[in-house]
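Here is the structure we will look at, set down as C-alpha coordinates.
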Amino acid sequence: PGKYLEGNPHDQGLAGDAEFLENIMEYTPEQLEVLKDELPIWDELVEELDFFHETLRAPGFDFGFRVTLEILRFMHAAWIYEKKPGRWENWERYMDAQIKQKILPKIHGPKRLLRDTLEELREHCRDRFPESKKKLEEMQNTLKTQRYASFIR
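Numbering-wise (the numbering used here), the sequence shown opens with residue 78 and increments by one.
Below is the structure:
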(Lines of atoms letter the chains of each structure in order from A; the text may use other names.)
(Lines give C-alpha, C1' and ligand atoms only; values in the text may rest on other atoms or scores of the structure.)
Protein backbone atom coordinates (compact mmCIF):
# COMPACT_ATOMS: atom_id res chain seq x y z
CA PRO A 78 0.00 0.00 0.00
CA GLY A 79 2.80 2.42 0.79
CA LYS A 80 4.34 2.24 -2.68
CA TYR A 81 0.93 2.73 -4.22
CA LEU A 82 0.19 5.79 -2.09
CA GLU A 83 3.61 7.36 -2.73
CA GLY A 84 3.63 6.94 -6.49
CA ASN A 85 1.36 7.32 -9.45
CA PRO A 86 -1.15 4.44 -9.39
CA HIS A 87 -1.16 4.37 -13.18
CA ASP A 88 2.53 3.44 -13.20
CA GLN A 89 1.75 0.15 -11.51
CA GLY A 90 1.71 -2.83 -13.85
CA LEU A 91 -0.42 -5.90 -13.53
CA ALA A 92 0.81 -8.31 -10.90
CA GLY A 93 0.01 -11.98 -10.86
CA ASP A 94 -1.49 -14.14 -13.54
CA ALA A 95 -2.77 -11.60 -16.07
CA GLU A 96 -3.22 -14.38 -18.63
CA PHE A 97 -5.94 -15.85 -16.40
CA LEU A 98 -7.85 -12.57 -16.58
CA GLU A 99 -7.39 -12.32 -20.32
CA ASN A 100 -8.64 -15.86 -20.85
CA ILE A 101 -11.83 -15.10 -18.94
CA MET A 102 -12.47 -12.06 -21.10
CA GLU A 103 -11.87 -14.08 -24.25
CA TYR A 104 -14.19 -16.92 -23.34
CA THR A 105 -16.30 -17.47 -26.45
CA PRO A 106 -19.81 -18.81 -26.98
CA GLU A 107 -18.29 -21.73 -28.88
CA GLN A 108 -16.68 -22.89 -25.65
CA LEU A 109 -20.17 -23.46 -24.28
CA GLU A 110 -20.16 -26.65 -26.32
CA VAL A 111 -17.48 -28.03 -23.98
CA LEU A 112 -19.69 -27.29 -20.99
CA LYS A 113 -22.72 -28.73 -22.76
CA ASP A 114 -20.88 -31.95 -23.54
CA GLU A 115 -19.37 -32.36 -20.07
CA LEU A 116 -22.12 -31.28 -17.69
CA PRO A 117 -24.60 -34.10 -17.06
CA ILE A 118 -27.21 -31.58 -15.88
CA TRP A 119 -27.00 -29.25 -18.87
CA ASP A 120 -30.70 -29.51 -19.72
CA GLU A 121 -31.76 -28.78 -16.13
CA LEU A 122 -29.47 -25.74 -15.99
CA VAL A 123 -30.82 -24.38 -19.25
CA GLU A 124 -34.38 -24.91 -18.01
CA GLU A 125 -33.64 -23.06 -14.76
CA LEU A 126 -31.91 -20.17 -16.49
CA ASP A 127 -34.78 -19.90 -18.97
CA PHE A 128 -37.28 -19.74 -16.12
CA PHE A 129 -35.44 -16.94 -14.34
CA HIS A 130 -34.80 -15.04 -17.55
CA GLU A 131 -38.44 -15.19 -18.64
CA THR A 132 -39.80 -14.39 -15.18
CA LEU A 133 -37.53 -11.38 -14.80
CA ARG A 134 -38.07 -10.10 -18.33
CA ALA A 135 -41.57 -8.67 -17.69
CA PRO A 136 -40.50 -6.30 -14.88
CA GLY A 137 -37.32 -5.41 -16.79
CA PHE A 138 -34.71 -7.39 -14.88
CA ASP A 139 -33.73 -9.90 -17.52
CA PHE A 140 -30.06 -10.76 -17.67
CA GLY A 141 -27.77 -11.34 -20.59
CA PHE A 142 -25.19 -13.70 -21.94
CA ARG A 143 -22.46 -12.63 -19.52
CA VAL A 144 -24.44 -13.61 -16.42
CA THR A 145 -25.60 -16.84 -18.05
CA LEU A 146 -22.04 -17.73 -19.01
CA GLU A 147 -20.73 -16.93 -15.52
CA ILE A 148 -23.34 -19.20 -13.96
CA LEU A 149 -22.62 -22.04 -16.38
CA ARG A 150 -18.88 -21.73 -15.82
CA PHE A 151 -19.39 -21.73 -12.05
CA MET A 152 -21.55 -24.83 -12.31
CA HIS A 153 -18.90 -26.53 -14.42
CA ALA A 154 -16.25 -25.69 -11.80
CA ALA A 155 -18.55 -26.99 -9.04
CA TRP A 156 -19.06 -30.23 -10.97
CA ILE A 157 -15.29 -30.65 -11.25
CA TYR A 158 -14.96 -29.85 -7.53
CA GLU A 159 -17.48 -32.61 -6.83
CA LYS A 160 -15.22 -35.01 -8.78
CA LYS A 161 -17.31 -35.04 -11.97
CA PRO A 162 -20.14 -37.30 -10.84
CA GLY A 163 -22.08 -39.00 -13.63
CA ARG A 164 -25.27 -38.40 -11.69
CA TRP A 165 -24.87 -35.09 -9.87
CA GLU A 166 -27.25 -35.28 -6.93
CA ASN A 167 -26.48 -31.99 -5.15
CA TRP A 168 -26.18 -29.56 -8.08
CA GLU A 169 -29.10 -27.50 -6.78
CA ARG A 170 -26.98 -26.40 -3.84
CA TYR A 171 -24.58 -24.70 -6.23
CA MET A 172 -27.34 -23.30 -8.41
CA ASP A 173 -28.94 -21.84 -5.28
CA ALA A 174 -25.73 -19.92 -4.60
CA GLN A 175 -25.68 -18.60 -8.17
CA ILE A 176 -29.30 -17.49 -8.06
CA LYS A 177 -28.59 -15.58 -4.88
CA GLN A 178 -25.29 -14.12 -6.08
CA LYS A 179 -25.94 -13.40 -9.75
CA ILE A 180 -29.68 -13.14 -10.38
CA LEU A 181 -31.50 -11.84 -7.31
CA PRO A 182 -29.25 -8.77 -6.82
CA LYS A 183 -30.69 -7.33 -10.04
CA ILE A 184 -34.17 -7.04 -8.55
CA HIS A 185 -35.38 -3.73 -7.11
CA GLY A 186 -38.48 -1.64 -7.34
CA PRO A 187 -41.91 -0.69 -6.04
CA LYS A 188 -44.64 -3.03 -4.88
CA ARG A 189 -46.74 -2.73 -8.04
CA LEU A 190 -43.76 -3.93 -10.11
CA LEU A 191 -42.39 -6.66 -7.83
CA ARG A 192 -45.23 -8.24 -5.86
CA ASP A 193 -46.18 -10.93 -8.36
CA THR A 194 -42.64 -11.49 -9.60
CA LEU A 195 -41.22 -12.08 -6.12
CA GLU A 196 -44.04 -14.49 -5.34
CA GLU A 197 -43.47 -16.45 -8.55
CA LEU A 198 -39.73 -16.66 -7.88
CA ARG A 199 -40.24 -17.64 -4.23
CA GLU A 200 -42.68 -20.38 -5.19
CA HIS A 201 -40.25 -21.71 -7.78
CA CYS A 202 -37.38 -21.76 -5.27
CA ARG A 203 -39.48 -23.20 -2.42
CA ASP A 204 -38.39 -26.84 -2.42
CA ARG A 205 -35.13 -26.64 -4.35
CA PHE A 206 -33.23 -23.44 -3.61
CA PRO A 207 -33.56 -22.69 0.13
CA GLU A 208 -31.14 -19.75 0.39
CA SER A 209 -32.75 -17.99 -2.56
CA LYS A 210 -36.21 -18.68 -1.15
CA LYS A 211 -35.16 -17.17 2.17
CA LYS A 212 -33.81 -14.04 0.47
CA LEU A 213 -36.96 -13.69 -1.62
CA GLU A 214 -39.07 -13.92 1.55
CA GLU A 215 -36.97 -11.14 3.10
CA MET A 216 -37.54 -9.03 0.01
CA GLN A 217 -41.28 -9.74 0.14
CA ASN A 218 -41.42 -8.68 3.79
CA THR A 219 -39.57 -5.47 2.99
CA LEU A 220 -41.93 -4.88 0.08
CA LYS A 221 -44.95 -5.23 2.39
CA THR A 222 -43.65 -2.78 4.97
CA GLN A 223 -41.84 -0.26 2.79
CA ARG A 224 -43.65 -0.71 -0.55
CA TYR A 225 -40.21 -0.97 -2.17
CA ALA A 226 -37.68 -3.78 -2.18
CA SER A 227 -34.17 -4.44 -3.35
CA PHE A 228 -31.66 -7.20 -2.80
CA ILE A 229 -29.71 -5.03 -0.38
CA ARG A 230 -31.81 -4.09 2.61
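Even glycine gets a Cβ: it sits at the ideal position worked out from N, Cα and C.
Source: prediction; values computed, not measured.
Distance from the CA atom of E169 to the CA atom of T145, rounded to whole angstroms, is 16 angstroms. Judged by their CB atoms, R192 and K210 are not nearer to each other than the 8 angstroms cut-off. With a cut-off of 8 angstroms on Cβ pairs, the segment 157-173 is in contact with the segment 117-125, counting three or more such pairs. Following the DSSP letters along the chain, one finds P207 in no beta strand (DSSP E) but inside the alpha helix (DSSP H) bounded by residues 207-223.
Closest option to P187, judged by alpha-carbon separation, among E115, H130, G137: G137. Taking every protein chain shown into account, the CB of A135 has fewer than 16 other CB atoms within 10 angstroms, so this residue is exposed. Nearest neighbour of Q175 by Cα position, chosen from H185, C202, Q217, E197, turns out to be C202. Residue nearest to E215 within the set E159, E131, L181, D127 is L181 (criterion: CA-CA distance). P187 carries a strand assignment under DSSP once its states are collapsed to helix, strand and coil.
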